[in-house]
Each structure stands twice: as structure tokens, then as C-alpha cells.
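Chains as they are written, first to last, in the working numbering: chain A, 157 to 582; chain B, 10 to 99. The beta-carbon is built from N, C-alpha and C at its ideal position, and this holds for glycine as well. Notes follow the structure.
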Amino acid sequence: MINRIIRYYRGYLYVQIKSDSPERFFNLCAHNQILLWDMKHEGDCYCFYMRLKDFFILKQFHQKTRTKIKILKRHGLPFFFQMNRKRKAFFLGFLLFAVMIYMLSIYIWNIHVEGNAYYSTQRILSYLETQDIHHGIRKKYLDCAAIAAGLRQEFPKITWVSAKIEGTQLILEIKENDTTDTVDTQKNDNESITAETPCDIIAPKDGTIIKIFTRSGRPLVKEEMECKKGEILISGKIDIMNDALEVVRKEYVHADADIYIETTYAYFDEFPMNYKERIYLDEVKTSHFFKVLNYYIDLGKNEYPYEYYDQYRQEQEVHLTENFILPISYGTVTTLPYMIKNQKYTKEQAEEKANKNLFAFLKKLSQKGVEIQKKSVKINTTANSCKTTGKVYVIEKTGRRTPVQEEEPPAEELDETTDERTPVDE
Amino acid sequence: MKKIPHRHLDVMDTLQIPRDLAHQESIITISGNGEMFIENYRHILEYTNACIRILCKRGRLKIVGSQLCIEYYCNDEMKITGRFQGVFFE
Chain A
157 MINRIIRYYR
167 GYLYVQIKSD
177 SPERFFNLCA
187 HNQILLWDMK
197 HEGDCYCFYM
207 RLKDFFILKQ
217 FHQKTRTKIK
227 ILKRHGLPFF
237 FQMNRKRKAF
247 FLGFLLFAVM
257 IYMLSIYIWN
267 IHVEGNAYYS
277 TQRILSYLET
287 QDIHHGIRKK
297 YLDCAAIAAG
307 LRQEFPKITW
317 VSAKIEGTQL
327 ILEIKENDTT
337 DTVDTQKNDN
347 ESITAETPCD
357 IIAPKDGTII
367 KIFTRSGRPL
377 VKEEMECKKG
387 EILISGKIDI
397 MNDALEVVRK
407 EYVHADADIY
417 IETTYAYFDE
427 FPMNYKERIY
437 LDEVKTSHFF
447 KVLNYYIDLG
457 KNEYPYEYYD
467 QYRQEQEVHL
477 TENFILPISY
487 GTVTTLPYMI
497 KNQKYTKEQA
507 EEKANKNLFA
517 FLKKLSQKGV
527 EIQKKSVKIN
537 TTANSCKTTG
547 KVYVIEKTGR
557 RTPVQEEEPP
567 AEELDETTDE
577 RTPVDE
Chain B
10 MKKIPHRHLD
20 VMDTLQIPRD
30 LAHQESIITI
40 SGNGEMFIEN
50 YRHILEYTNA
60 CIRILCKRGR
70 LKIVGSQLCI
80 EYYCNDEMKI
90 TGRFQGVFFE
């Protein structure tokens, strides 16, 4: 394969010879390091291939052996250039193409993020934008080690990052911390609470303790105890005692525990009995559009001879690469006309709707991990409205962290009689 | 071709020197009846579609067949393809 490429690059000929002593001609070629290949005997002449540069040496042989040499075919790059010497634009275009390919290859055209679940790809890309790392940046301005360190610092849940450049792609492989915090951090009172901040866990609402598993801190409640909203359940303040059970010092820890309490959710729902029903017509209109930057180009009619209609637009952005989005998009606009009719729920319909709303509420609670024990709900329908009131008894994992107030160590008092310092009792 | 004395050949056989070097023999490699490589020869004596005669350093070689074609030919080795019917040493 490589030989064929080299041969084509240097050029070769398909030659025909007629001679009284062709073997002498061949032997002279061989002795002068002229390679001949694909030799064939056709009638009274011989055909073979030879290199272009060797052809110029044949002159002395053909005179010696009285051989008539005829070139049948010419192959190779030298002949290609000679044939197309007037087509300068072609070669210029080819050269320009090669230069463009090279120029484009020194930039990053795609940033690929994988392994992320908690932090979205857009969030990571937005952070990279703030660090001046974006699509179209030159590869030499990228420092993969600094990118990895920056991501680990900016996103605490990321435990491992690998940043590498492959071709024109920047590939970020991310590993996030799988363990979930037992206490919802969104419920913290203070945003500055971190994993090392000493804090207590308090009850966010009234209830009965069902289960409690303490990992750090001092539990102040037990199972089957009642708790009030704001009451400290796990204390981050631990008293260190000596052998005489006297408090020597206090240590402050970041309280951590799984606490399940039984509590109630008040439920209330109301809706009017009279409502307006939408009756959709069979005529559905679809039109297409193009968008370039902020300019819309509609390809359909914009006239809608309806009084009431729903309209939704589906837009598809054009991607150059996975995350490199061009400011060009296309899509369809669908118009659904409808009529409005005044209706009234019957008692059965109203109860059915009230039950549906209640089940949607309970489903939402279940998705949050709440275990529903029982519900006590009453549906009351009147001429104008339908009300649903009641309570839902649940068991849920709860707890809210608050920073613990660290006490100052007691001041030492100077004893007047012995000139010794004694600690002041609180 | 100057003959190598017999005792020199015995010494070279004892030293296990390859025969193509010591005895200046040609090396002929045949694959089936369609492909042949020849090394260590002097030059071509005759080339036609039905017969190729080659002068080796110690004798002559005659290849008889049909559709004989020399794939490549240079000073060091050559390759012949076609349908061989016989290889004779003269």
C-alpha cells in the first residue's frame, strides 16, 4: 500500500518495447537498478511498468539493443499536475481547504459533560463561561488541571473531575457524591451552615417521634415522645465529663441524625360548581417558521378567524455540536380553535373532581418520601362551590439545622488569700 | 563461473553456512503452480508466454507453462506468475 502511494507520488509509466533481443534489454535494466514490474509478452512486443525517473536512463539501452520504446500510459502526481497546470483555482481552493481545516482544528467546538446528575450540564457550562471557557476558544488557552480544580471548588458535591481535550472536544468526566444528606439543607435557617458548622437539629413542626437514629450529637428526645415546633431534637453541644462526672469542657459538633415523626397536614380545597368548558373544533392549523437571532420568518398564514384558540409553538435549535448551539432555529406553530360553553358540575362530578385533587395532593406527598398513615377528609358540595377539608396523618423524615451558640469558657477569678486563680461557677 | 574447490565446500558445510552463500545456489520458492520467487541468479536468457529461461550462477533454469508473466524483475530477485507445467535444471 505504501509502495503504491510512493510510486504514484513519484510517477510511473506503462511502456511497450519491440526488440530483436528483449532479454538483453531487460538484463541491462536490471544491472542498472531499474525496476520493471507487471511484464507481459503480447505478440511480438513486451509491456511493463517502470518508474518515471528510470525512463530517462533508457536512452542508452535502446540504442545498444535496437529497441523501440513506446509509452502507452502515464500515471502519477507529476502528470496530474502537468495536466491541470491551468486550473490554478482548483489547487488554490484545495490549499485553502487544508488551511481552513487546520485553523478550525485548533479551536474547541464542543464541550461534553458526562457523569453529572445533581448539577445540570447548563449550570456547569454557565460556570465555565464565567471562567472565559466557551465554544470557540483556542486549545492553547485551556488548562485542564485548572478547570478540574475550579469545578471541584465551585461545586461541593463533585468529588472527582477529569478534564481532557480530544480532537476539538473538551471532555469533562464528573463523579458526584452519592450520599444524600439526611436533613434537607434547603430547610436550614442559616445559608452558611456547612458540613463542619456546629449545629442543632430542631423540629420544624409538632408531632410524635417514631424513630430516631443519631450519627453525631446528643439526642434530647426518645421514640414515642411528643415534640413541639422549634424544639431541639439533637443537640450539637456535648459535655465532656471527668471521672467525678463534672463537666470539664464542652464540644460542639455538627448534629446528624435520621428522625421520623408522625405529624398531620391540614388539607383544604375549594372550586366553584359553575365552570366554562372548552370544546375544541376539528380544524387544526399548522404553520412553520424560521428564526435567525431575534428575527422570525413565518412560512404560513398568520390570520386566525377564530374568537378563541390555543396556540403552541415547537422550536428546534440547530446544533453545530452537542452543546454548541447556533442562533438559528426552526419549528411549527399549531393553532387549536375552541368554543366556550358554560357548564355546571353535578354532585357526582364535583365529588369526583374533589377526589382527584386530593389524590394529586397525596401523590405529591408520597413523591417527597412521606408515608401516609390515614386521612380524615370531608367533601361538602353546595349550589355554588365544592369544599374539601380535613387532615392527613403522615410519617415523614424531618429535621432542620440551626447553628449552635458556642458558650465562652468561664473566666478565672483571682483568689485574694492564696493568689491563685479559681474558675467561676455558672 | 569459477568453480569452488570441493574441500572449500566441505569446510563451509561444516560451518553450516547457507548453501546460497556458500555454494552460490539459486533460491526458488514456488507457491502452488501459479507463483514463483527466484533469487540469486545472473540474468534472463529467454522470455516468452510459454517458456522462461534464466541463467543462474551454477547452471540454467527453465520454466515451462502458459500465460507466464514476470510480476517484477530486478537484480536481486524476480517473481513469475502463470500456470507452470514444469521446472527444469539444465
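Task: Against chain B: residues of the stretch 195-222 of chain A by CB proximity under 7 Å - done: M195, K196, H197
Task: Rounded C-alpha distance that separates K441 of chain A from R434 of chain A - done: 18 Å
Open item on the list: Can you look up V440 of chain A in the DSSP assignment and give me helix, strand or coil?
Closed with: coil
Task: Delimiting residues of the beta strand (DSSP E) encompassing E332 of chain A - done: 325-332
Task: Counted within 10 angstroms of its Cβ, other Cβ atoms place S522 of chain A as buried (16 or more) or exposed - done: exposed
Task: Three-state secondary structure assigned by DSSP to P354 of chain A - done: coil
TODO: Return the CA-CA distance between K531 of chain A and A422 of chain A, expressed in angstroms with no decimal places.
DONE: 10 Å
Task: Within 8 Å of chain A by C-beta, residues of the stretch 44-63 of chain B in sequence order - done: H52, I53, L54, E55, Y56, T57, N58
Task: 3-residue-minimum beta strand (DSSP E) runs that sit fully inside the stretch 348-426 of chain A, ordered along the chain - done: 355-358, 363-372, 388-391, 393-397, 403-408
- [ ] Give the residues from the stretch 76-88 of chain B that approach chain A closer than 7 Å (Cβ to any Cβ), ordered along the chain.
- [x] C78, I79, E80, Y81, Y82, C83, N84
Open item on the list: So with CB distances below 9 Å, who are the chain B contacts of H187 of chain A?
Closed with: H52, N84
Open item on the list: Give me the residue from A:G546, A:N272, A:I417, A:N511 with the minimum Cα distance to G525 of chain A.
Closed with: A:I417
Task: Same chain, Cβ closer than 6 Å to L449 of chain A, neighbours up to 5 away in sequence not counted - done: P483
TODO: Please say whether T364 of chain A and E380 of chain A have beta carbons closer to each other than 8 Å?
DONE: yes
Open item on the list: Using C-beta distances below 6 Å, list every residue in its chain close to G392 of chain A, excluding the 5 sequence neighbours before and after it, in chain order.
Closed with: P354, C355, D356, G373, Y408, V409, A411, V560
Open item on the list: I want to know whether the stretch 208-225 of chain A touches the stretch 258-267 of chain A - three or more CB-CB distances under 8 Å.
Closed with: no
TODO: Check whether the stretch 83-90 of chain B touches the stretch 45-65 of chain B, counting contact only when three or more Cβ pairs, one atom from each stretch, lie closer than 8 Å.
DONE: yes
Task: Buried or exposed (CB count within 10 angstroms, at least 16 for buried), P178 of chain A - done: buried
Open item on the list: Could you tell me the alpha carbon to alpha carbon distance between T324 of chain A and F250 of chain A, rounded to whole angstroms?
Closed with: 22 Å
Open item on the list: Checking 8 Å against the spacing of the C-beta atoms, do H218 of chain A and I225 of chain A come in under that value?
Closed with: yes
Task: Cα-Cα separation between I63 of chain B and G232 of chain A, rounded to whole angstroms - done: 32 Å
TODO: Note the first and the last residue of the continuous alpha helix (DSSP H) segment covering V255 of chain A.
DONE: 244-261
Open item on the list: Could you check whether L191 of chain A and Y81 of chain B sit closer than 8 Å to each other, using their CB atoms as the reference points?
Closed with: yes
- [ ] Identify every residue that forms a DSSP beta bridge with S318 of chain A.
- [x] A:E329
TODO: Name, please, each residue of chain B whose Cβ falls closer than 9 Å to the Cβ of E179 of chain A.
DONE: H52, I53, L54, E55, Y56, R62
Task: chain B contacts from the stretch 469-484 of chain A (Cβ-Cβ distance under 8 Å) - done: none
TODO: Rounded to whole angstroms, what's the CA-CA distance from S35 of chain B to D200 of chain A? Just pull it up for me.
DONE: 30 Å
Open item on the list: Can you confirm whether the stretch 472-480 of chain A touches the stretch 498-517 of chain A when touching is taken to mean that 3 or more C-beta pairs between the two stretches lie within less than 8 Å?
Closed with: no
Task: Contacts of N183 of chain A in chain B (Cβ-Cβ under 8 Å) - done: H52, I53
Open item on the list: Can you pull the chain B neighbours of W265 of chain A, defined as C-beta to C-beta under 7 Å?
Closed with: Simply none; closest approach about 48 Å.
Task: Residue closest to Y164 of chain A, alpha-carbon to alpha-carbon, out of A:F182, A:Q189, A:E198, A:F237 - done: A:F237
Open item on the list: Given the structure, does L260 of chain A come close to the ligand SAH, in the sense that its CB is under 7 Å from one of the ligand's heavy atoms?
Closed with: What this structure holds is no ligand at all, so the ligand SAH is not there to describe.
Task: Contact list for L233 of chain A against chain B, beta-carbon separation under 9 Å - done: Result: empty, since nearest Cβ-Cβ is about 22 Å, beyond 9 Å.
- [ ] Please classify V548 of chain A: does DSSP put it in a helix, a strand, or coil?
- [x] strand
Task: C1 of chain B, DSSP secondary structure in three states - done: What is shown of chain B runs 10 to 99, which leaves residue 1 of chain B out entirely.
Open item on the list: Beta-carbon within less than 6 Å of G41 of chain B's beta-carbon, same chain only, minus the 5 sequence neighbours each way: which residues are those?
Closed with: none
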